[in-house]
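Participant: FYI, the numbering for the sequence shown is 1 to 1227, going by UniProt numbering.
By construction, the Cβ of each residue, glycine as well, lies at the ideal position given by its N, Cα and C atoms.
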Amino acid sequence: MCDMEFSVPSRLENLFSSSSKHYTVKEEFSKQSITVEVLQLKRSMYADIEGFVFNHFDLYCNLLRQFSELDEGLKVSAFQILLQVTEKVISLLTDVLNEDTEEFEKEISFKYRNMIMMTVYLLCQFTHAFEDAVLKKTANINAGKGRKKKVNIEETELSEWPEQRLKFLVVLKKIFQLPIRKFWSPPIIDYEFINYVTNSFFKLLENVEITKDKGMKIEVFRFLGSVLAENRTGIGYSIKILQMVQDFEHLPNIMADAVVHFMQENSADTLAADICREAILLDVKSLVTNLTAAHSLSQFLISICEKCPEKVLCVIGNLMQFLELESHVMRNCVLSIMGIILNKVLANENISPKEKKLREELLSQLEAHLLDVNSFVRCKAIQVLKTLMDEKALTSAELYRVGKLISNRIKDKASNVRKNAMSFMALFIDVNKFACQIPLEVLKESYQTENQKLKQLEKSRPFVFDDSDDDEPEDGKVAKNGVIFDDSDEEEDGEGKEKEVSEDKPESEKDKDESDMQVEQNELNEDKPETADDVNEEEFVKQKAVVDYLKNTLNFAEVIRGIVEPVCALLHSSTQTDILEAIEFFTAAAGNLVTGSDVGIKEILNLVWSTEVTVKEAALNAFKYLYLSSVKDKRDVADIAKNLIDLLKNATVDDAVNLRAFVIHFSKLNEIPDSISNVLWANLINPASGVTEQEQIAILMLLGMVAEQRPDFVWSNLSAFVKYGLEADGEKNFQLAMYTLMVLRKANLQNRGKIRSANTIDEETRLPPDHVLADRIKCLLIEGIKNYDDNQWTPMANEAILTIFSLMKEPEVLCMKIMKEIITCEALGSEDGEKEATCEIPNILWARFMSLCGHIALHYMTYLKIDYFAHLRRQEIFREQRRRQSTVNSTFSTPKYPSVTNSPKSKTKRRQSINKSYKLIPPVDEETTYEQVLEICAKEVKDETKLIGSLLPIVKATCLSCLKEFNKEIQAAASLALTKFMLFSEKVCEENMQLFATITEKSPEAYIRASMVIAMGDLATNYPNVVEPWTTHIYQRLSDPEPSVREAAVITLTHLILHDFVRVKSLISEAAKCIADEQETVANVAMYLFSELSKKGNIIYNIIPDIISTLSDPKAEFSEEKFQVVLRHMLQYVEKEKLVEGLVEKLCVRFTGLSTDVQMHELTFCLSILTLNDKCYSKLMELKNLLKERMSDPVIMKYITNITANAKKNDAKTAAELETFRKELGI
């Protein structure tokens, strides 16, 4: 017998610690000693039963300590002996405990208490060890076997363990059926001991095979339940169950069954509530990171709620705390529990006011989580509400409110949410199929009329006193709003005494009494004569039913109308039928004036650019049907104008461009009435129309769109336009002035650059230099440049300069005057026109001046290359007519070179740009005319007395100055202006490329570098030979630290390469790096570039070796992960077998010159993602000696394994060689 108290240790190793105050192992055995001692145990068992555990406890502890090293048979034999001893100990304890002694002596209690605890401890330890061994061996045996061959435990050496396990259960059950608590003082079994035993039984449930055995599972439940009932360890059970549920995926439903069993069989009524309370105390972070545990816990709690929702109802407030936590799985869990409670517990009409309030709160939480940040939670909320709707657990008022909220989820960004929302709405429409057929306004009017009648009947209704409680009026009010719960028929005061009596009656007698009372009441009602009050009451009830129906129908119709906006998502579908159906829906919705249909119409405008003819025609027909075809029937021109204004006033730039395409299309077809311009103009100038500033801009934009096809209205009202938009109002509002100038400019858009036929050679329509329009533009530019409060001056100035070159005669002269006056004004210099060195010019003023210079250069170039070129061609047409006429009237041929003596040389030089000589000269083709224009551009730049020649030095000086003293506003404007001057002439471009490149490289502002990169693309488009040597600067910007610059660079480079403005160089590897760029837009453009290049012959095949060399170079500092991303994308375009063979050959050659392991990794990776044939495999075989040396590297081993797995085995010889190659490499 041991002389120290035994205490259950937390670990077996603690028993071998000499520092413990409790019993410890005194003797340690070797493996051989354990074997010998176990063989002698049977003799000791028969010799001394009471002392067996005390004498051999150390042996068993040593055996358990070395359990994995001992023979299976030896361990089973030791356990069987321990079971036999335990059976005898149980008999001994039964005899001792059957005595009438209430309290044993301390020595006896100490001995038997230690005997019980040691015996049970050893049994549980053996069970733990055997269960772990079984699970481990089963896992090892079944590993890799798949589904075809699965080895069971019976096939292993532990085939006897299931039988021994059952004996263990029986023995432990017998022990705890005894009143062993008598050995403790006070008679309460030690909690640590109880906890250890119950944990051992819970551990049995970790084995999936045990949970599948119904009998074994029930036995475990019964034992745990008996211990729970005897020792009241509910809290410990709650914690243990929650831990196991999170750790094992197969346990949620098993543990839920266990909890229900404990509550039903062992009177543990509060266990489910305790578990829910403990669940909220779990570590939230672990539930977020460990989704498996969260899903298991969620499934467990939901399963408990399904089996006993009434028990969970009392702690639903605790569980709702999960709704505020981060784990979306637990939020889904609580929403499901709320749905179960609402459906199974709170759907009854006869619930208490407290339960009604709880029901409202639960529904409110469900509705709130339709807007949860997590899409899975939003889905779950919709699914729960859908279940409630299917089970008819929602009232009509609740149903319509929920339907309105879920209809908003159709436009959810998550596809799964949209799917569930549409599924709900599909069922929701079945609630009232006819409401959407009635106009919403009619429903509202009918509802208001009928509701007014109801109020009148309610006033004339006599007030009836009854014995109902004070809560009845409130319940009546609730019933009026559509809630199904109504306690108005209950008479609590009158029934109070009856309830006390009826509580003692059985249910059958209660039902009989109630039926008798109902019969008596009906007989009394039949005997009463019908009075006027009864008639009024009947009318009131009928009218109330009508009002309730109309209100429900109105609510339903409003929800259906609310679907309009979400359906816009269908217009962006990749399926053509979805788009066509959405167009038809919005056409019908707009035709019926459904609120919100304008949103869909604006989305339809985008479809005018669709490449699919059917979609484009559907969009055009919808626009025509809504705004043009029904002019005489439903709308007049004023309505068309108003609708177009409404579409445009809040439109984005893209919407305006889309609407312009529609207006121009139907203007060409004469579908738009001519009178629309008059209506728009009347709304603009008439103060009584009350148009807002946004509407003014929209009207001007519409007038500009119409003016492109019908300019006569603008020319006839030119003075009015100038007065309205360019005088007092325009000086205060540059945006108004800008759109007015746009209208005037577009009126002459048809004439710009048009080369008339030989029969019509009239001059294009242009205004004289002294026109009032020129004066107003001068005023806006000169005086407005100092108006720093309005930031729309720069775009207005751009439109003003464009208008000058579009409408005015001698536009360069007018621009020269404007620039001189700006330079000589006080803002930029002294009164005598000389610039003072000490004069400080505001940065914004100088930036505006630079931008104005750039506008002039760009639009002057456009004027020369379009308008002046057309003028020269018209002159050539005129000369051709004269030449033909002269040929007809003369009998001799026309001299080859006509005399020019009538034109002085001075006049010839002065009029070289605009030749008005009508002499007969040889015909000139268009190419020669264009060369003349280019010569004029070159001379304009050289002559400092001319417009461009005088401004270019100022712009260059400003750019150079900003390199020394940086100012972002000035540099941005000056660099952009320099670009426009470089576009003016090839010579200017060539001379200033160095300055341009310096700004592109050294500017500290990202948006300036991005703008310069884009500008270089424009320069390359116009002067490819000049810009070609400088394209390296575009490639350099591909490595810029700013994503916006990299994006601009890769877009520009893509445009230039795909349109053959620049050649694909070795620097293309810099573009390949962008495939692995962190910025998604940059990576997408880079992938598009190489995708398009793959369609142009073998370009990808030719550049891949250079890309691999550059990216794998250690100096490039390009990570191995990014290398794999780039090459995985690039190599997918190498599909032809010959190209694969050539590429493999090139890669194999590179193996001998590798300097680092990373390079070896990268080359083998490239080979691993290619599909090799026989020739490729032969090339690879030549490198087997080199590869053998590197096979110790796990990365190379992985890639070589993939290579051999992907190789094509075309014949038996290849297959044999492949197998030999694998063996030589150790694969």
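Assess contact between the stretch 991–1000 and the stretch 1013–1030, defined as three or more Cβ pairs (one per stretch) separated by less than 8 Å. Is contact present?
Facilitator: Touching, per the Cβ criterion.
Participant: Please report the straight-line C-alpha distance between Gln-84 and Leu-228, rounded to a whole angstrom.
Facilitator: Locating residue 84 in the sequence shown gives position 84, counting from the first residue. Locating residue 228 in the sequence shown gives position 228, counting from the first residue. Looking at the two C-alpha atoms, the distance is approximately 27 Å.
Participant: Thinking Ala-393 and Ala-347 are a contact (beta carbons under 8 Å), I'd like their distance in whole angstroms, please.
Facilitator: Here residue 393 corresponds to residue number 393 of the sequence shown, with the count starting at 1. Here residue 347 corresponds to residue number 347 of the sequence shown, with the count starting at 1. Correct: roughly 4 Å between the Cβ atoms.
Participant: Tell me which residues share the same chain as Cys-308 and place their Cβ nearer than 7 Å to its Cβ, disregarding the 5 neighbours each side in the sequence.
Facilitator: Indexing the sequence shown from 1 puts residue 308 at position 308. Cβ within range, chain order: Val-260, Met-263 and Ala-272.
Participant: Near Leu-405, which residues of its chain fall below 8 Å by C-beta distance, leaving aside the five closest residues on each side in sequence?
Facilitator: Here the question's residue 405 lines up with position 405 in the sequence shown. Excluding sequence neighbours, Leu-405 sits near Glu-367 and Leu-370.
Participant: In chain order, what residues of the same chain lie with their CB nearer than 6 Å to the CB of Phe-623, ignoring the 5 residues before and after it?
Facilitator: Mapped onto the sequence shown, residue 623 falls at position 623. Result list for Phe-623: Phe-662, in chain order.
Participant: Helix or strand or just coil, what does DSSP make of Leu-1143?
Facilitator: Translated into positions along the sequence shown, residue 1143 becomes position 1143. Here Leu-1143 sits in helix by DSSP.
Participant: With DSSP as the reference, label Met-117 as helix, strand or coil.
Facilitator: By 1-based counting over the sequence shown, the position of residue 117 is 117. Here Met-117 sits in helix by DSSP.
Participant: So what does DSSP say about Met-1181, is it helix, strand or coil?
Facilitator: Mapped onto the sequence shown, residue 1181 falls at position 1181. If DSSP states are grouped into helix, strand and coil, Met-1181 belongs with the helices.
Participant: Relative to the alpha-carbon of Ile-823, which residue among Leu-934, Trp-846, Val-813 and Leu-205 has its alpha-carbon at the smallest distance?
Facilitator: Reading the sequence shown from its first residue, position 823 is the one you call residue 823. Closest option to Ile-823, Cα to Cα, is Trp-846.
Participant: Would you kindly work out how many angstroms separate the C-alpha atoms of Leu-1154 and Phe-1165, rounded to a whole number?
Facilitator: Start at 1 with the first residue of the sequence shown, and residue 1154 comes out as number 1154. Start at 1 with the first residue of the sequence shown, and residue 1165 comes out as number 1165. Approximately 14 Å between the Cα atoms of the pair.
Participant: Going by DSSP, name the residue or residues bridged to residue 1229.
Facilitator: The first residue shown for the chain is 1 and the last is 1227, placing residue 1229 beyond what the model contains.
Participant: Rounding to the nearest angstrom, what Cα-Cα distance links Ser-677 and Gln-696 in this structure?
Facilitator: Translated into the one-based positions of the sequence shown, residue 677 becomes position 677. Translated into the one-based positions of the sequence shown, residue 696 becomes position 696. Cα-Cα distance, rounded: 14 Å.
Participant: Take every Cβ of the stretch 127–139, pair it with every Cβ of the stretch 34–51, and state whether three or more of those distances are shorter than 8 Å.
Facilitator: Too few Cβ pairs lie closer than 8 Å, so no.
Participant: Looking at residue 1306: is its Cβ nearer than 8 Å to the Cβ of Ile-1075?
Facilitator: The chain is shown from 1 up to 1227; residue 1306 falls before or after that span and cannot be answered.
Participant: Quick check: the stretch 441–455 against the stretch 549–563, are at least 3 beta-carbon pairs closer than 8 Å?
Facilitator: In short, these stretches touch, since the Cβ pair count reaches three.
Participant: Just the C-alpha distance for Asp-274 and Leu-282, rounded to the nearest angstrom, thanks.
Facilitator: The residue given as residue 274 occupies position 274 in the sequence shown. The residue given as residue 282 occupies position 282 in the sequence shown. The alpha-carbon atoms of Asp-274 and Leu-282 are separated by roughly 13 Å.
Participant: With distances taken Cα to Cα, identify the nearest neighbour of His-1161 among Leu-1127, Glu-1135, Met-1181 and Leu-1172.
Facilitator: Here residue 1161 refers to the residue found at position 1161 when the sequence shown is read from its first residue. Nearest C-alpha to His-1161: Leu-1127.
Participant: By alpha-carbon positions, which one of Met-255, His-871 and Thr-945 ends up nearest to Val-933?
Facilitator: As a first step, residue 933 must be located in the sequence shown, where it is residue number 933. It is His-871 whose Cα lies nearest to the Cα of Val-933.
Participant: Kindly indicate which three-state DSSP category Trp-161 falls into: helix, strand or coil?
Facilitator: In the sequence shown, residue 161 corresponds to position 161, counting from 1. Three-state DSSP puts Trp-161 in a helix.
Participant: In its own chain, which residues sit with a C-beta less than 6 Å from the C-beta of Asn-759, not counting the 5 before and 5 after it?
Facilitator: Here residue 759 corresponds to residue number 759 of the sequence shown, with the count starting at 1. The predicted position of Asn-759 is uncertain, since its pLDDT is 44 and thus under 50; a value taken from the coordinates is nonetheless stated next. Within the same chain, Asn-759 has no close Cβ partners at all.
Participant: For Glu-105, does the three-state DSSP call read helix, strand or coil?
Facilitator: Looking up residue 105 in the sequence shown gives position 105. In this structure, Glu-105 counts as coil in the three-state DSSP scheme.
Participant: What did DSSP end up calling Lys-26 once you bin it into helix, strand or coil?
Facilitator: As a working note, residue 26 is residue 26 in the sequence shown. Of the three classes helix, strand and coil, the one that applies to Lys-26 here is coil, per DSSP.
Participant: Taking a contact to mean a Cβ-Cβ separation below 8 Å, would you say Ser-407 touches Gly-215 in this structure?
Facilitator: As a first step, residue 407 must be located in the sequence shown, where it is residue number 407. As a first step, residue 215 must be located in the sequence shown, where it is residue number 215. Contact: no.
Participant: Looking only at its own chain, which residues have a Cβ that is under 7 Å from the Cβ of Lys-942, when we skip the five neighbours before and after it?
Facilitator: Counted from its first residue, the sequence shown places residue 942 at position 942. The answer, listed in chain order, is Gly-949.
Participant: How is Asn-683 classed by DSSP in three states: helix, strand or coil?
Facilitator: The residue you call residue 683 lines up with position 683 of the sequence shown. Correct three-state label for Asn-683: helix.
Participant: Nearest-angstrom Cα distance between Thr-289 and Ile-316?
Facilitator: As a working mapping, residue 289 is identified with position 289 in the sequence shown. As a working mapping, residue 316 is identified with position 316 in the sequence shown. Roughly 25 Å between the two C-alpha positions.
Participant: With a Cβ-Cβ cutoff of 8 Å, do Met-118 and Phe-176 count as a contact?
Facilitator: The sequence position of residue 118 within the sequence shown is 118, counting from 1. The sequence position of residue 176 within the sequence shown is 176, counting from 1. No, these two residues do not count as a Cβ contact at 8 Å.
Participant: Taking the beta carbon of His-855 as the centre, do at least 16 other beta carbons fall within 10 Å, making it buried, or is it exposed?
Facilitator: Position 855 of the sequence shown, counting from 1, holds the residue named residue 855. Per the 10 Å Cβ criterion, buried.
Participant: Quick one: residues in its chain with C-beta nearer than 7 Å to the C-beta of Ser-899, no 5 flanking neighbours on either side, listed in chain order?
Facilitator: Residue numbering aside, residue 899 sits at position 899 when the sequence shown is read from its first letter. With a pLDDT of only 38 at Ser-899, under 50, the local geometry of the prediction cannot be trusted, and the value read off the model is given with reservation. Same-chain partners within the cutoff: there are none.
Participant: Considering only residues of the same chain and omitting the five flanking positions on each side of Val-772, which have a CB-CB separation below 8 Å?
Facilitator: The residue given as residue 772 occupies position 772 in the sequence shown. Hits under 8 Å: Ser-719 and Val-722.
Participant: Using C-beta distances below 7 Å, list every residue in its chain close to Ile-1169, excluding the 5 sequence neighbours before and after it, in chain order.
Facilitator: Sequence index remark: in the sequence shown, residue 1169 carries index 1169 (1-based). Closer than 7 Å at Cβ, skipping near neighbours: Arg-1128 and Leu-1131.
Participant: Buried or exposed: which applies to Ser-1192, given that a residue is buried once 16 or more other Cβ atoms fall within 10 Å of its Cβ?
Facilitator: Position 1192 of the sequence shown, counted from the first residue, corresponds to residue 1192. Exposed is the call here.
Participant: Return the first residue and the last residue of the alpha helix (DSSP H) that Trp-1030 is part of.
Facilitator: Walking along the sequence shown from the start, residue 1030 turns up at place 1030. Where Trp-1030 is concerned, there is no enclosing alpha helix (DSSP H), given that its DSSP letter is neither H nor E.
Participant: Run the CB neighbour count on Lys-106, radius 10 Å, all protein chains shown included, and call it buried at 16 or more, exposed below.
Facilitator: For this step, residue 106 is matched to residue 106 along the sequence shown. Exposed.
Participant: Look up Trp-184 in the DSSP assignment and say whether it is helix, strand or coil.
Facilitator: For the purposes of this step, residue 184 is taken as residue 184 along the sequence shown, with counting starting at 1. Coil.
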